[in-house]
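Enquirer: First the structure, which I've put down as structure tokens, then a few questions once you've had a look.
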Amino acid sequence: PQTYIDENGDEQPVANDNGDPLVLNPNIEKLSNPDGGWYDGVVNIKYEIQEGGLDNMNNDLVVFRLADVMFMKAESMMRKNGNAANAQAVKLVNDVRARSFTSNDASGKYTPSTLTMNELLDERAREFAYEMTRREDLIRFGKFNDVWWAKPVTDKHYELFPIPTNIRTANPALTQNPGY
9 PQTYIDENGD EQPVANDNGD PLVLNPNIEK LSNPDGGWYD GVVNIKYEIQ EGGLDNMNND
69 LVVFRLADVM FMKAESMMRK NGNAANAQAV KLVNDVRARS FTSNDASGKY TPSTLTMNEL
129 LDERAREFAY EMTRREDLIR FGKFNDVWWA KPVTDKHYEL FPIPTNIRTA NPALTQNPGY
């Protein structure tokens, strides 16, 4: 079990909300937690959580990052260029990567021939992990409906969300998206 040092300098076991020992391991145990509660396994905390914070934490929330703007510009340049990278698009992506990879090793840098649309999509997945952009990226790159990992083919109508009833009631000119 994991432990921490309390205010008296004593080692204490880390416990969950029920007082049970919290044991984390390096495996992904579950991909969802519909019932809530605690599970062993990998936990992602991308940004530090305010110590002692509860409901009204004072943590900053990333809404939009410069890296996203740079990737969007690179993507739009590639789409305008027949889905091929040019030197400027490559520089934008490499500049973002340079923040994370301090080595000057040329093997870690893209070139116009190695930066493909699929590679850009993969790079976005690495850069924006746990930032809730993947669904929109997959839709935009035409891959949302594909089979991947533990996901079967998805019906195309799921690319759009349903329009809530109260919104359609407030505006009778709106019609429900197909499939809902």
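In the numbering used here, the protein residues as written are 9 to 188. We treat Cβ as the ideally placed atom computed from N, Cα and C, and that holds for glycine.
#1: Can you list, in chain order, the residues of its chain with a C-beta nearer than 7 Å to that of K81? Leave out the 5 residues immediately preceding and following it.
#2: Just verifying my parser: in three-state terms, what is the DSSP assignment at A23?
#3: Grouping DSSP H, G and I as helix and E and B as strand, with all else coil, what is K164?
#4: From this set, E135, P21, K151, which residue's C-alpha is nearest V77's C-alpha?
#5: Less than 8 Å between the C-beta atoms of N94 and K117, yes or no?
#6: Quick check on DSSP: helix, strand or coil for T177?
#7: Which partner residues of T11 appear in the DSSP bridge assignment?
#8: By Cβ distance, which residues of its chain are closer than 6 Å to R87, with the 5 residues on each side in sequence left out?
#9: Leaving out five residues before and five after I13 in sequence, what residues of the same chain have Cβ atoms less than 7 Å from its Cβ?
#10: What are the residues that DSSP puts in a beta bridge with P29?
#11: Use the C-beta contact count for R132: other C-beta atoms within 10 angstroms, 16 or more gives buried, fewer gives exposed.
#12: Tell me which residues share the same chain as T141 and place their Cβ nearer than 8 Å to its Cβ, disregarding the 5 neighbours each side in the sequence.
#13: Distance check for E127 and V104, CA to CA, integer angstroms please.
#14: Quick one: grab the DSSP three-state call for I159.
#15: Given 7 Å as the limit, tell me if N174 has its C-beta closer than that to any heavy atom belonging to the ligand FMN.
Expert: According to the structure shown:
#1: L100
#2: strand
#3: helix
#4: E135
#5: no
#6: helix
#7: P21
#8: none
#9: E19
#10: A23
#11: buried
#12: D76, R132
#13: 14 Å
#14: Looking at the sequence shown, residue 159 is not Ile but Lys. In the structure shown, K159 sits in a strand (DSSP, three-state: E or B).
#15: Because no ligand of any kind appears in the structure shown, any question about the ligand FMN cannot be addressed here.
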